[in-house]
Amino acid sequence: MSERRKRIMNGWVIALLVVVAGLATAGGVGWSRLSKEHKEARSLPLNAVDFNKLKDGTYHGAYEGGMYKWRANECQVTVSSGQVTDIQLVGSGDPGGKNTQHQELYDRVIHAQSLQVDTISSATLTSKAYLQAVENALVQAQYA
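Structure, rendered in structure tokens:
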């Protein structure tokens, strides 16, 4: 192999190593940020709302957490005769688009009259974000 070809080959190898190192660094930074958001969502506290003290009305709740606002959501909670009777999603930052699993979660809250319900399988962190918005609405209903 000629000296010129060796230099060209070495240049390509070095360029490839630089590209691989750059991709690895970018991937590590991205993973670190995503991990931080997951840690925040996992540690979301759901405080006890006294469902026996809810006052009738319609209340707006929102949750805006998450680094990229992927789990940001807003809901409207209706309390009638002291019971949660309806929960509607008003808006969501979910990049998944037309995800409808929130309705199943809302139905569980209505049925149990509690925020201590099973989350949606494989969507635990997003479920906790939806429950946080419902809690924020119910706190208003409790102290209205």
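In terms of the numbering used here, the sequence shown is residues 2 to 145. Glycine is no exception: its CB is placed at the ideal position from the N, C-alpha and C atoms.
For the 7 Å CB-CB criterion, GLY62 and VAL135 form a contact.
Spatial neighbours of ASP119 in its own chain (CB-CB distance under 7 Å, excluding positions within 5 residues in sequence) are listed in chain order as ARG109. Look at ILE15 here: in three-state DSSP terms it is helix.
A check of alpha carbon separations from PRO46 across GLN143, ALA16 and LYS129 identifies LYS129 as the nearest. Sequence-distant partners of HIS103 (beyond 5 residues in either direction) whose C-beta falls short of 7 Å from its own C-beta, in its chain, are LEU90 and TYR131. Beta-carbon to beta-carbon, LEU55 and LEU139 are separated by about 7 Å, close enough to satisfy the 8 Å threshold. Looking at the DSSP output, TYR64 shares a beta bridge with ASN74.
Between ARG72 and THR125, the gap from beta carbon to beta carbon reaches 7 Å or more. The alpha carbon of ALA142 has as its nearest neighbour, out of MET10, LEU18 and VAL50, the alpha carbon of VAL50.
The beta-carbon distance between PHE52 and SER115, rounded to whole angstroms, is 6 Å. This is short enough to meet the 8 Å contact definition.
Within its own chain, the residues whose Cβ lies closer than 7 Å to the Cβ of SER81, once the five positions on either side in sequence are excluded, are ASP57, listed in chain order. The criterion of a C-beta distance shorter than 7 Å is not satisfied by VAL78 and ILE111.
Per DSSP, reduced to three states, the secondary structure at VAL135 is helical.
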